[in-house]
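K.L.:
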Amino acid sequence: MFGVLSWSPATHATLPTSFSSIYGRYRMASSLPLHPPASKIFVRNLSYCTSEATLVKTFSKFGQIVEVKLARHEDTKRSKGYAFIQYCYQDDAVLAIEQMDQQILDGRVIYAEIAKPLHGGFSAYPKPSGPPPKQASEANGTNV
Numbered sequence: 326m327f328g329v330l331s332w333s334p335a336t337h338a339t340l341p342t343s344f345s346s347i348y349g350r351y352r353m354a355s356s357l358p359l360h361p362p363a364s365k366i367f368v369r370n371l372s373y374c375t376s377e378a379t380l381v382k383t384f385s386k387f388g389q390i391v392e393v394k395l396a397r398h399e400d401t402k403r404s405k406g407y408a409f410i411q412y413c414y415q416d417d418a419v420l421a422i423e424q425m426d427q428q429i430l431d432g433r434v435i436y437a438e439i440a441k442p443l444h445g446g447f448s449a450y451p452k453p454s455g456p457p458p459k460q461a462s463e464a465n466g467t468n469v
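In my numbering, the protein residues as written are 326 to 469.
(1) Is it buried or exposed for glycine 388, if we count other Cβ within 10 angstroms and need 16 for buried?
(2) Which residues mark the beginning and the end of the beta strand (DSSP E) in which glutamine 428 is found?
(3) Rounded to whole angstroms, what is the Cα-Cα separation between valine 393 and leucine 380?
(4) In three-state terms, what does DSSP make of serine 355?
(5) By how many angstroms is the C-alpha of aspartate 400 removed from the C-alpha of aspartate 417?
(6) Specify, as a first and last residue, the run of the beta strand (DSSP E) that glutamine 411 falls within.
(7) Out of Pro361, Pro362, Ile366, point me to the one whose CA is closest to aspartate 426's CA.
(8) So, for valine 368: in the same chain, excluding its five sequence neighbours on each side, which residues have a beta-carbon less than 6 angstroms away from its beta-carbon?
(9) Looking at the secondary structure, which residues open and close the alpha helix (DSSP H) in which glutamate 399 lies?
(10) Given this structure, state the Cα-to-Cα distance separating arginine 403 from tyrosine 373, to the nearest angstrom.
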């Protein structure tokens, strides 16, 4: 009559909700699936006093944060004034940008935008294309 449901934490794992500080970065406590590239935001013009904890508290209002990376000088460990915040979902990142861009945080007007890949990343995504480049013979007006 009644079926028996079995549940296993390993097969029904959910995203963790606790943060841990690793090398000065706040990160979720377990491995996570890949996130869409547009779910990471870049926040600049931060006060040198702004901490990872402040960023987590401020930006977690818009969705679940996976990771916060506050850039610091290697020698002095002083903030460089910018950070990357990775959300689980692209919609949360967009909402954070809409709500926090040009707002005041720790006495400074901050700017938030979608993080851009370093050195032309996103290599797994199709590249936009236009007309093929002109051959040297076409540029000189001669046809081969």
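We treat Cβ as the ideally placed atom computed from N, Cα and C, and that holds for glycine.
For clarity, every value in this text was computed on a predicted model and none was experimentally measured.
P.N.:
Here's the rundown:
(1) So glycine 388 ends up on the buried side.
(2) Where glutamine 428 is concerned, the enclosing beta strand (DSSP E) stretches over 428 to 430.
(3) Taking C-alpha positions only, valine 393 is separated from leucine 380 by approximately 8 angstroms.
(4) The pLDDT assigned to serine 355 is 46, lower than 50, so where the model puts this residue is not dependable; a value taken from the coordinates is nonetheless given after this. Here serine 355 sits in coil by DSSP.
(5) The straight-line gap from Cα to Cα measures roughly 34 angstroms.
(6) Its beta strand (DSSP E) spans residues 404 to 412.
(7) Checked all of Pro361, Pro362, Ile366; the closest Cα to aspartate 426 is Ile366.
(8) Hits under 6 angstroms: Ala408, Ile435, Ala437.
(9) Neither: glutamate 399 is in no alpha helix (DSSP H) and is coded neither H nor E.
(10) When rounded, the distance between both Cα atoms is 7 angstroms.
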